[in-house]
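For the sequence shown, full-length UniProt numbering gives the first residue as 1, with consecutive numbering after it. Even glycine gets a Cβ: it sits at the ideal position worked out from N, Cα and C. On a predicted model such as this, the values are computed, not experimentally measured, just so you know. Report on one structure; see the data block that follows.
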Amino acid sequence: MTPVSDLLLPDCLLLNGREFRYADIRQYPAHAPQDLNGYEARVLDFVRQWLNGTQEFGLHTSGSTGQPQLVQMKRQQLEASARRTGDYFDLGPGDRLLVCLNCEFVGGLMMLVRGLERRMHLTIVEPQADPLALVPPEAGFDFTSFVPLQLRAVLAAGHAPRLNQMRGILVGGAAVERSLEQELQALHVPLYLTYGMTETASHIALRRLNGPQAQPTYRVLPGIAVGQDERGCLTVRADVTDNQLITTNDRITLADDAQTFEWLGRVDFVINSGGVKVQAEKVEQVLEVALTELGLAHRAFVAGRPDKRLGEQVTAFLEGPALPDAQQRQLLALLTARLARYEVPRELVWLPKFQITTSGKLDRPATLRSVKQ
1 MTPVSDLLLP DCLLLNGREF RYADIRQYPA HAPQDLNGYE ARVLDFVRQW LNGTQEFGLH
61 TSGSTGQPQL VQMKRQQLEA SARRTGDYFD LGPGDRLLVC LNCEFVGGLM MLVRGLERRM
121 HLTIVEPQAD PLALVPPEAG FDFTSFVPLQ LRAVLAAGHA PRLNQMRGIL VGGAAVERSL
181 EQELQALHVP LYLTYGMTET ASHIALRRLN GPQAQPTYRV LPGIAVGQDE RGCLTVRADV
241 TDNQLITTND RITLADDAQT FEWLGRVDFV INSGGVKVQA EKVEQVLEVA LTELGLAHRA
301 FVAGRPDKRL GEQVTAFLEG PALPDAQQRQ LLALLTARLA RYEVPRELVW LPKFQITTSG
361 KLDRPATLRS VKQ
């Protein structure tokens with residue numbers, strides 16, 4: 001990291017365009033303005049706790065695969081995660097960090113911790129589709145993190161030159177669609193898809209999405225020990241887990257060196273159709289490509305529906321009005337040509353709107369429950 005004069009180190013942060021001095025935040029809410037909204041108040045309260053040395057924090061999981069859970073994390077776990085990311089990307093004092101993820105969940109909260117621990121200039125904006133619209137055009141940043149929806153909006157708004165001025169960008173919170181990954185190849189800034197969860201204090205592995213170093217597998221960050229259980233699911237042990245073994249429900253193929261892995265999908269999303277196990281995410285990838293080739297922008301996911309004969313039948317759920325019969329036949333023809341016979345969805349179910357979690361992720365359980373009602 002490049003040495004920076006103490007005179008240039010930040011003594012304040014920017015939150016929704018307003019400056020808040022750290023000396024005042026330590027005393028929050030004594031010096032807080034009266035017109036704070038709820039999100040601003042919660043961000044400042046976390047920063048106050050961090051600056052004043054709080055040793056334990058309650059973090060909520062995103063709830064994308066079930067009900068959100070409260071997870072207690074020690075300060076040392078969050079510090080270890082921030083240190084590892086800071087070292088990996090050579091982030092340090094005086095660097096400029098844009099925080100545009102929801103700070104009430106681990107992805108956004110850890111951006112705050114990284115900035116505070118590395119004495120970086122923090123610009124925090126309330127989450128929205130195009131966060132760069134909330135900061136002046138001349139404002140430059142070294143590092144940030146987006147969810148895929150934000151990245152699409154930023155590119156659509158013509159902000160690619162601003163992204164290319166950065167040294168690195170994290171992408172997480174949801175899968176990156178093939179069409180978006182193709183768009184990212186035009187960017188020079190290194191983009192990394194993250195793998196992690198609340199229980200690991202955000203990411204423990206990264207996959208490069210663009211450039212000559214792009215790769216189909218995740219690389220585990222230094223100091224993280226990973227393995228597999230009897231189901232073939234990923235296990236993690238490190239300082240970020242308080243050296244406790246975390247067993248996930250993510251099926252992986254682990255390389256012999258235990259430093260890289262391919263993510264196959266959630267064991268929860270395996271469909272048992274007539275005794276044949278179908279990984280829903282594999283079918284989703286093929287479905288996404290087929291929709292793109294037909295010029296369709298429908299969101300979609302795949303799940304099993306109860307079937308008297310098969311136990312479960314592979315079913316595709318799509319958001320929006322149903323396609324004309326001819327287009328549906330085209331779509332099924334593409335899927336039939338590219339999937340094994342038992343993987344082809346037996347039904348296309350059209351829903352007006354998918355259910356989402358409070359963190360903006362697809363809520364599969366809630367969406368499936370809405371179909372049954």
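| query | result |
| --- | --- |
| Own chain residues within Cβ distance below 6 Å of residue 376, not counting five before or after | The structure shown has nothing for residue 376, since the chain only spans 1 to 373. |
| contact_flag[the region 158-174, the region 44-52] where n(CB pairs < 8 Å) is 3 or more | no |
| For Leu234, the nearest candidate out of Ser273, Met197, Thr292 and Ala340 (CA to CA) | Met197 |
| Cβ-Cβ distance between Val278 and Arg338 below 7 Å | no |
| Arg162 - containing alpha helix (DSSP H), residue span | Ala160 to Leu163 |
| Per-residue burial, Arg207 [other beta carbons within 10 Å of its own, 16 or more giving buried] | buried |
| Given Glu173 as reference, the closest of Val135, Ala297 and Asn102 once Cα atoms are compared | The question names Glu, but residue 173 is Gly in the sequence shown. Considering only alpha carbons, the answer is Asn102. |
| Separation of Val371 from Pro33, as counted between CA atoms | 46 Å |
| CA-to-CA distance, Ser62 to Lys361, given in whole angstroms | 8 Å |
| Burial state of Thr2 (16 or more Cβ within 10 Å) | Per-residue confidence for Thr2 stands at a pLDDT of 48, beneath the threshold of 50, marking its modelled position as unreliable; the derived number appears in the next sentence. Exposed: under 16 other Cβ atoms inside 10 Å. |
| Neighbour-count burial assignment, Ala340, 16 or more Cβ in a 10 Å radius | exposed |
| Buried/exposed call for Asp256, threshold 16 Cβ in 10 Å | exposed |
| Gly115 burial status per 10 Å Cβ neighbour count (16 or more: buried) | buried |
| Whole-Å CB distance - Arg26 paired with Leu51, under 8 Å assumed | 5 Å |
| Euclidean distance between Cα positions of Gln182 and Ala297 | 15 Å |
| Residues that Trp350 bridges to, as DSSP identifies them | Leu318 |
| Cβ-Cβ separation, Val189 to Val149 (assumed contact under 8 Å), whole Å | The question names Val, but residue 149 in the sequence shown is Leu. Going by Cβ atoms, the distance from Leu149 to Val189 rounds to 19 Å, so no, they are not a contact pair. |
| Beta-carbon proximity of Val289 to Glu343, cut-off 7 Å | no |
| Reference Glu262, options Asp90, Ala186 and Thr217, closest by Cα | Thr217 |
| Closest by C-alpha distance to Pro352, when choosing among Met73, Asp268, Arg299 and Leu122 | Arg299 |
| Reduced DSSP secondary structure (H/G/I, E/B, other) of Met110 | helix |
| Cβ neighbour criterion (16 or more within 10 Å) applied to Gln77 | buried |
| First through last residue of the beta strand (DSSP E) which encompasses Ile124 | His121 to Ile124 |
| Spatial distance of Ala156 from Asp87 (CA atoms) | 32 Å |
| Beta carbon of Glu126 nearer than 7 Å to that of Tyr28 | no |
| Where Asp11 falls: helix, strand or coil (DSSP) | coil |
| Anticipated Cβ contact below 8 Å, Leu221 with Leu180, distance rounded | At roughly 24 Å, the Cβ-Cβ gap does not stay under 8 Å, so Leu221 and Leu180 are not in contact. |
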